[in-house]
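So for the sequence shown, our numbering puts the first residue at 5; every next one is plus one.
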Amino acid sequence: MSHKYVAGEKPPRIYPKSRTPEIPVPCTVPEEAGRDGHQGRQLGVLASHHQAFCRTLPRVPPFYAMKCNNSTWGLRVLATLGAGFDRASQRARVGSKPLMQSSPCQVELEQVLGLGVAPSCIMYANPCKPVSHIQYTALHGLRLLTFDSEEELSKVAQHHPEARLVLWLWTQDSESTFPLSAKVGATLEVCEHLLKSARALGWAVVGASFHMGLKCQTVRAFTQALADCRCVFEMGLLDIGGGFPGEEGCEPKFEEIARVINAVLAQDFSVESGVEIIAEPGRFYAASVYMAAANLIAKKTVLESGGEAVPRMPIVVKEFGSEPSLFPRTCYGPTCDAFDKLFLGELRMPELDVGDWLVFPSMGSYTSTMSSTSSGFPPASIC
Numbered sequence: 005m006s007h008k009y010v011a012g013e014k015p016p017r018i019y020p021k022s023r024t025p026e027i028p029v030p031c032t033v034p035e036e037a038g039r040d041g042h043q044g045r046q047l048g049v050l051a052s053h054h055q056a057f058c059r060t061l062p063r064v065p066p067f068y069a070m071k072c073n074n075s076t077w078g079l080r081v082l083a084t085l086g087a088g089f090d091r092a093s094q095r096a097r098v099g100s101k102p103l104m105q106s107s108p109c110q111v112e113l114e115q116v117l118g119l120g121v122a123p124s125c126i127m128y129a130n131p132c133k134p135v136s137h138i139q140y141t142a143l144h145g146l147r148l149l150t151f152d153s154e155e156e157l158s159k160v161a162q163h164h165p166e167a168r169l170v171l172w173l174w175t176q177d178s179e180s181t182f183p184l185s186a187k188v189g190a191t192l193e194v195c196e197h198l199l200k201s202a203r204a205l206g207w208a209v210v211g212a213s214f215h216m217g218l219k220c221q222t223v224r225a226f227t228q229a230l231a232d233c234r235c236v237f238e239m240g241l242l243d244i245g246g247g248f249p250g251e252e253g254c255e256p257k258f259e260e261i262a263r264v265i266n267a268v269l270a271q272d273f274s275v276e277s278g279v280e281i282i283a284e285p286g287r288f289y290a291a292s293v294y295m296a297a298a299n300l301i302a303k304k305t306v307l308e309s310g311g312e313a314v315p316r317m318p319i320v321v322k323e324f325g326s327e328p329s330l331f332p333r334t335c336y337g338p339t340c341d342a343f344d345k346l347f348l349g350e351l352r353m354p355e356l357d358v359g360d361w362l363v364f365p366s367m368g369s370y371t372s373t374m375s376s377t378s379s380g381f382p383p384a385s386i387c
């Protein structure tokens with residue numbers, strides 16, 4: 005496969021070359037997918053995740069983070085269920101098809117507007133926006149935008165006079181697998197200056213937001229971030245961002261995080277306060293909805309100095325009647341790039357044949373949207 009991502013931690017399911025990977029209903033593998041790598045989707049799981057989010061955080065309408073996975077099928081399901089959308093990704097791509105003539109801003113916005121989603125249900129949660137994107141957003145009536153600097157504030161004030169601004173706060177997300185605060189977020193020390201600057205420009209900042217990064221590992225981080233938001237100012241909108249776990253077996257569990265959030269909201273942002281609360285879940289929705297199937301197209305034996313022949317090959321999937329012998333493998337994609345690996349390190353896998361399959365569960369988040377066309381290989385199809 006031509007992605008550059010780290011495959012899931014769960015062991016893949018194994019299928020011999022004589023069988024096509026079994027993708028759960030309603031997913032099927034189309035004929036055109038052939039023996040190429042592809043992703044299978046389970047849209048019923050996506051709907052159940054939306055229902056679980058709304059049930060567990062009843063005061064927090066979700067604005068799905070399109071940067072996580074923007075497949076048309078998934079967006080259509082969420083639009084039908086009444087979800088909002090957060091657009092902030094930096095790639096001009098719809099599913100597996102790159103759109104080179106349109107900006108990322110146009111692609112994402114046209115996707116959701118084409119599904120009948122109202123502009124009021126779409127948020128532009130990126131505190132560093134090109135002027136052309138701000139203008140395009142204004143043209144289509146989207147008003148909810150984030151900022152974290154005086155320069156961004158001035159830029160939005162000049163090009164989108166109807167915007168409703170949300171101040172993105174810096175958070176302590178060092179315990180997240182992929183923290184964001186090294187790049188985005190205003191510290192509490194500069195918030196007063198930014199709010200005064202907004203007032204001088206005649207702007208009213210309507211709310212505050214934060215994001216815990218991807219795969220937050222601790223509940224404490226949410227507690228502190230909510231406390232920071234409460235310190236900033238009396239607001240009308242609170243955006244608690246994303247970072248919620250999506251794969252099975254993750255710690256802390258989503259329900260545990262939700263209990264803490266609900267308790268803090270009840271204490272500091274009560275219903276009587278009139279504060280509108282939203283979130284930007286991505287991984288929680290998409291991670292386990294999609295699975296990836298990779299086909300072994302070649303294998304190569306490498307003789308290490310002073311050692312015996314050690315096969316190294318892309319990982320695949322196969323069933324074995326008894327416990328097989330395991331060998332160290334390096335798993336490469338089909339490109340000419342030596343860094344095109346499915347895993348960062350070596351795996352120990354049984355002897356496998358060209359044509360065998362490997363199926364990875366929980367591969368829906370930050371896979372297709374981060375894939376490339378390196379060496380001319382198309383991204384995996386979603387089916």
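Even glycine gets a Cβ: it sits at the ideal position worked out from N, Cα and C.
Does DSSP classify residue i as helix, strand or coil?
i      : result
Asp243 : strand
Phe151 : strand
Gly286 : coil
Asp232 : helix
Glu259 : helix
Trp172 : strand
Gly337 : coil
Pro332 : strand
Met5   : Residue confidence for Met5 is low, a pLDDT of 34 falling below 50, so the modelled location carries little weight and cannot support an answer.
Gly380 : helix
Ile281 : strand
Asn299 : strand
Phe182 : strand
Quick one: what's got a C-beta closer than 8 angstroms to residue i's C-beta in the same chain, skipping five residues either side?
i      : result
Pro328 : Pro354, Glu355
Asp272 : Leu230, Ala231, Arg234
Ser180 : Met216, Gly217, Leu218, Lys219, Cys220, Gln221, Ala225, Gly247
Leu47  : Pro30, Trp77, Gly78, Val81, Val293
Would you kindly check if the distance between the Cβ of residue j and the Cβ of residue i is under 8 angstroms?
i      : j      : result
Gly78  : Ala290 : yes
Arg91  : Leu113 : yes
Ile244 : Arg63  : no
Met239 : Phe226 : no
His144 : Leu117 : yes
Phe364 : Ala302 : no
Pro123 : Leu146 : yes
Arg168 : Leu148 : yes
To which residues of the same chain is residue i closer than 7 angstroms at the C-beta, ignoring the five residues directly before and after it?
i      : result
Pro390 : Given that the chain is displayed from residue 5 to residue 387, the structure contains no residue 390 and the question cannot be resolved.
Glu259 : Thr60
Ser369 : Cys72, Asn73, Gly250, Gly286, Arg287, Ala290, Ala291
Ser398 : Here the chain has residues from 5 to 387 only, and residue 398 is not among them.
From which residue to which residue does the beta strand (DSSP E) around residue i run?
i      : result
Ser213 : 209–213
Ile126 : 126–128
Cys64  : At residue 64 the sequence reads Val, which differs from the Cys that was named. Looking at the DSSP string, Val64 is not in any beta strand (DSSP E), and its letter there is neither H nor E.
Arg352 : 351–353
Phe89  : 88–90
Apart from the five residues just before and just after residue i, which ones in its own chain have a Cβ nearer than 6 angstroms to its Cβ?
i      : result
Val236 : Cys195, Ala212
His53  : Tyr289
Lys133 : none
Phe214 : Leu173, Thr175, Ala229, Gly245
Ala83  : Leu119, Val121
Between which two residues does the alpha helix (DSSP H) holding residue i run?
i      : result
Arg59  : 47–60
Ile138 : 135–143
Thr84  : 76–84
Arg203 : 192–204
Could you tell me whether any non-hydrogen atom of the ligand GTP is closer than 7 angstroms to the CB of residue i?
i      : result
Ala190 : Looking at this structure, you won't find the ligand GTP or any other ligand, since it has none at all.
Contact between the segment 220–233 and the segment 157–169 is defined here as three or more beta-carbon pairs at a separation below 8 angstroms; is this criterion met?
no
Counting pairs of beta carbons, one from the segment 171–190 and one from the segment 141–159, are three or more of them closer than 8 angstroms?
In this structure the segment 171–190 lies against the segment 141–159, because at least three pairs of beta carbons, one per stretch, are closer than 8 angstroms.
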